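Residues in the sequence shown are numbered from 3 upward in steps of one, following the working numbering. Glycine residues also receive a C-beta, built at the ideal position from the N, C-alpha and C atoms. These numbers come from a predicted model, not from an experiment. These notes concern the structure reproduced below.
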Amino acid sequence: MRIILAPMEGVVDHLMRDMLTQVGGFDLCITEFVRVVDQLLPRRVFTRLCPELKQGGKTPAGVPVRVQLLGQEPDWLAENAVRAVELGSPGVDLNFGCPAKTVNKSKGGAVLLKETDTLYRIMHKVRSAVPAQFPVTAKMRLGFDDTSLALDNARALYEGGATELAIHARTKADGYRPPAYWPWIAKVRAVVPINVVANGEIWQPADAVLCREQSGSHDIMLGRGALAQPNLALRIRDGGEPLPWPLVLSLLMRYSEYEIAGDKGLYYSNRIKQWFSYLRLQYPQAEQLFQQLRLLRKSADIVLLLKQQLHQAERAG
Ligand SMILES: Cc1cc2nc3c(=O)[nH]c(=O)nc-3n(C[C@H](O)[C@H](O)[C@H](O)COP(=O)(O)O)c2cc1C
3 MRIILAPMEG VVDHLMRDML TQVGGFDLCI TEFVRVVDQL LPRRVFTRLC PELKQGGKTP
63 AGVPVRVQLL GQEPDWLAEN AVRAVELGSP GVDLNFGCPA KTVNKSKGGA VLLKETDTLY
123 RIMHKVRSAV PAQFPVTAKM RLGFDDTSLA LDNARALYEG GATELAIHAR TKADGYRPPA
183 YWPWIAKVRA VVPINVVANG EIWQPADAVL CREQSGSHDI MLGRGALAQP NLALRIRDGG
243 EPLPWPLVLS LLMRYSEYEI AGDKGLYYSN RIKQWFSYLR LQYPQAEQLF QQLRLLRKSA
303 DIVLLLKQQL HQAERAG
């Protein structure tokens, strides 16, 4: 079984990938999407979003990180895909799942699930441009408004040359409302002879078991569940208990140091609040702390609060 860390724009940045892959259990990460419109993007756009490119395309724990692209223009996507692998990305992932807004006629993500032919053209162009030793993968939902094109879209991506598909088992219209329709992944698997990774609503090890059973997929991709429970991937592999709260607090402290040192002071309070919005689903302590933390704006105040909590937890434990 491979376990892949899902791309999450605005949440899973290189620091979060570093944290979570150090905790362990992941085989691969996918970056937040790079939006491609009508140009070959400068190298710095890639390295800003994926600084791991400067370290051989791997997190410090040694887990490969694949760049994801989002866009609608086959030629520009192909040129940028080539750039991504030249810069060190171990392959390229194409995003056909995000409910991203159309900006100045430039679209991408889930809206393309209405255009089976465009999916084919994009995949074909990108696959033809990227050297064969690099995987070109796609992440898709089951459809835009409904599932009527799910199988045709998967077939089009396969015929276009996709190495592997990851399926978030819901339509765009379903948003993030449970359930994820894992049995649909089995239907897709029946029509494409390539590996299909199952994604959506895996919050606990038992969900992973059920998802693998119902989808028939060996490989899974974890998004929000991995943020709610940083050792979820390890637990899915080896059992054990959720990471104890004091260890989660230590991770939060480390993340804070990195975020602030990484010259992202401006983003820090948003990022940490984002992470908390997931942690509180698993940890009652996070819920309590979130109520205090959400009122704070300054990084220093947040760090101070976390430090106090860590001392308290250490004394108690
Ligand atoms: C805040 C947020 C940002 C996301 N950003 C991306 C993205 O950049 N690219 C992508 O393909 N999917 C993105 N997704 C979708 C996730 O990768 C994943 O498919 C979805 O969250 C379902 O998996 P989960 O139930 O394990 O979270 C995002 C999801 C969330 C909640």
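Supposed contact pair residue j and residue i - C-beta distance, whole angstroms, cut 8 angstroms
{"i": "residue 182", "j": "residue 172", "result": "6 angstroms"}
{"i": "residue 64", "j": "residue 92", "result": "So it is not a contact: roughly 12 angstroms between Cβ atoms."}
{"i": "residue 167", "j": "residue 124", "result": "In fact, because the Cβ distance is near 14 angstroms, the residues do not count as touching under 8 angstroms."}
{"i": "residue 9", "j": "residue 28", "result": "So it is not a contact: roughly 13 angstroms between Cβ atoms."}
{"i": "residue 242", "j": "residue 249", "result": "In fact, because the Cβ distance is near 12 angstroms, the residues do not count as touching under 8 angstroms."}
{"i": "residue 345", "j": "residue 113", "result": "With the chain covering 3 to 319 only, the question about residue 345 has no answer from this structure."}
{"i": "residue 222", "j": "residue 204", "result": "6 angstroms"}
{"i": "residue 90", "j": "residue 55", "result": "4 angstroms"}
{"i": "residue 230", "j": "residue 281", "result": "6 angstroms"}
{"i": "residue 315", "j": "residue 254", "result": "11 angstroms between Cβ atoms; not a contact."}
Which of helix, strand or coil DSSP assigns to residue i
{"i": "residue 213", "result": "helix"}
{"i": "residue 34", "result": "strand"}
{"i": "residue 88", "result": "helix"}
{"i": "residue 16", "result": "helix"}
{"i": "residue 317", "result": "helix"}
{"i": "residue 49", "result": "helix"}
{"i": "residue 123", "result": "helix"}
{"i": "residue 95", "result": "strand"}
{"i": "residue 11", "result": "coil"}
{"i": "residue 206", "result": "coil"}
{"i": "residue 163", "result": "coil"}
{"i": "residue 150", "result": "coil"}
{"i": "residue 140", "result": "strand"}
Among the options, nearest to residue i - alpha-carbon criterion
{"i": "residue 26", "options": "224, 73, 232", "result": "232"}
{"i": "residue 289", "options": "214, 298, 279", "result": "279"}
{"i": "residue 240", "options": "269, 206, 15", "result": "206"}
{"i": "residue 84", "options": "43, 57, 5", "result": "43"}
{"i": "residue 69", "options": "212, 140, 115", "result": "140"}
{"i": "residue 118", "options": "296, 144, 134", "result": "144"}
{"i": "residue 48", "options": "62, 72, 193", "result": "72"}
{"i": "residue 202", "options": "305, 134, 82, 179", "result": "179"}
{"i": "residue 2", "options": "310, 15, 39", "result": "Within the shown structure, residues of the chain are numbered from 3 to 319, placing residue 2 beyond reach of any answer."}
{"i": "residue 238", "options": "40, 224, 55, 86", "result": "224"}
{"i": "residue 37", "options": "297, 100, 308, 287", "result": "100"}
{"i": "residue 164", "options": "217, 103, 94", "result": "94"}
{"i": "residue 152", "options": "256, 170, 138", "result": "170"}
{"i": "residue 245", "options": "5, 162, 284, 295", "result": "284"}
{"i": "residue 256", "options": "294, 312, 116", "result": "312"}
Per-residue burial, residue i [other beta carbons within 10 Å of its own, 16 or more giving buried]
{"i": "residue 317", "result": "exposed"}
{"i": "residue 19", "result": "buried"}
{"i": "residue 199", "result": "buried"}
{"i": "residue 110", "result": "buried"}
{"i": "residue 177", "result": "exposed"}
{"i": "residue 130", "result": "exposed"}
{"i": "residue 193", "result": "exposed"}
{"i": "residue 104", "result": "exposed"}
{"i": "residue 142", "result": "buried"}
{"i": "residue 211", "result": "exposed"}
{"i": "residue 66", "result": "buried"}
Short CB-CB distance (under 9 angstroms) between residue i and chain B
{"i": "residue 23", "result": "The structure shown has no chain B; it contains just one protein chain."}
**Message:** At 4 residues or longer, what runs of the alpha helix (DSSP H) sit wholly inside the region 227–282?
**Reply:** 234–240, 247–263
**Message:** If we require 3 or more residues per run, which beta strand (DSSP E) segments fall completely within the region 168–204?
**Reply:** 197–201
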